[in-house]
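Numbering (this note's numbering), first residue to last: 7 to 174.
Using N, Cα and C, we set each Cβ at its ideal position, and we do this for glycine too.
Here the structure is laid out as structure tokens; the discussion comes afterwards.
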């Protein structure tokens, strides 16, 4: 899929994933699915975001889209050819395609999303036929990123799915 590099992370990648995990925790504190994302352009933090789709009443307000909007505004361009995304959970197909359209250079992913991640919906052939193939690095801080999501949904089940922010 694309230019994959499983488990080829660096200390730099780990550090930026730490920042994305803090943003994911911010999402969880607002009872949003805990996903955080940052975008660097030429090693400058150009955009960051966390899931806000419930609070914003906007199905497109995913962490990656929030970070993309900020980064594109920062560079004053709809293309981020020198951009790198660090995200705690594998992007959904909508977010992945937005990243492709922005020509993001590199995507660093924490945990895979077996239910809704782009890799479930796009085959290797599909990805190779896209007009842009970002480099993809998988499983950076995979366990910690996965645990954010697992514990969030565990707590949500305990208090009831539709009882937003209800205390235990």
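Item to check | Range covered by the beta strand (DSSP E) that runs through residue 1 | outcome: A query on residue 1 cannot be resolved here, the shown segment of the chain reaching from 7 to 174 and no further.
Next on the checklist: Using 8 Å as the cut-off, can you tell me whether the segment 74-88 makes contact with the segment 117-125, which would need three or more C-beta pairs spanning the two stretches below that distance?
Outcome noted: no
Item to check | residue 27 burial status per 10 Å Cβ neighbour count (16 or more: buried) | outcome: Taking the chain shown and counting its residues from 1, one reaches residue 27 at position 21. Answer is buried; the Cβ neighbour count reaches 16.
Checklist entry - CB-CB under 6 Å to residue 172, same chain, minus the five flanking residues each way: which ones, in chain order? => result Residue 172 sits at position 166 when you count from the first residue of the chain shown. Unreliable placement is indicated for residue 172, whose pLDDT of 49 sits below 50; no coordinate value is reported for it.
Item to check | residue 19 to residue 33 span [Cα, whole Å] | outcome: Position 13 of the chain shown, counted from the start, is the residue given in the question as residue 19. Position 27 of the chain shown, counted from the start, is the residue given in the question as residue 33. Distance between the alpha carbons of residue 19 and residue 33 is about 21 Å.
Next on the checklist: Please report the distance separating the alpha-carbon of residue 52 from that of residue 161.
Outcome noted: In the chain shown, residue 52 corresponds to position 46, counting from 1. In the chain shown, residue 161 corresponds to position 155, counting from 1. When rounded, the distance between both Cα atoms is 33 Å.
Checklist entry - Residues in its own chain within less than 7 Å of residue 151 by CB, not counting five upstream and five downstream? => result As a first step, residue 151 must be located in the chain shown, where it is residue number 145. Only 27, 94, 95, 116 and 117 meet the Cβ criterion.
Item to check | Residue environment, residue 62, which counts as buried when at least 16 other CB atoms sit within 10 Å | outcome: Position 56 of the chain shown, counting from 1, holds the residue named residue 62. By the 10 Å Cβ count, residue 62 comes out exposed.
Next on the checklist: Taking CB distances under 9 Å as the criterion, tell me whether residue 91 reaches chain B.
Outcome noted: Reference to chain B is not applicable here, since this structure consists of a single protein chain.
Checklist entry - Starting from residue 52 and walking both ways along the beta strand (DSSP E), at which residues does that stretch end? => result Residue mapping note: residue 52 aligns to position 46 of the chain shown, counting from 1. Note, residue 52: beta strand (DSSP E), 50-56.
Checklist entry - Taking DSSP as the reference, what is the three-state secondary structure of residue 141? => result For the purposes of this step, residue 141 is taken as residue 135 along the chain shown, with counting starting at 1. Strand.
Checklist entry - Should residue 17 go down as buried or exposed, given a rule of 16 or more other Cβ atoms within 10 Å for buried? => result On the chain shown, residue 17 is found 11 positions in, with the first residue counted as 1. That one is exposed.
Next on the checklist: In this structure, how does DSSP classify residue 158 when only helix, strand and coil are distinguished?
Outcome noted: Translated into the one-based positions of the chain shown, residue 158 becomes position 152. Correct three-state label for residue 158: helix.
Item to check | Exposure of residue 68, with buried meaning 16 or more beta-carbon neighbours within 10 Å | outcome: By one-based count along the chain shown, residue 68 stands at place 62. Answer is buried; the Cβ neighbour count reaches 16.
Checklist entry - What residue range is occupied by the uninterrupted alpha helix (DSSP H) comprising residue 81? => result In the chain shown, counting from the first residue as 1, residue 81 sits at position 75. Residue 81 -> alpha helix (DSSP H) spans 69-81.
Checklist entry - How should residue 102 be labelled, buried or exposed, when 16 other C-beta atoms within 10 angstroms of its C-beta is the threshold for buried? => result Numbered from its first residue, the chain shown carries residue 102 at position 96. So residue 102 ends up on the buried side.
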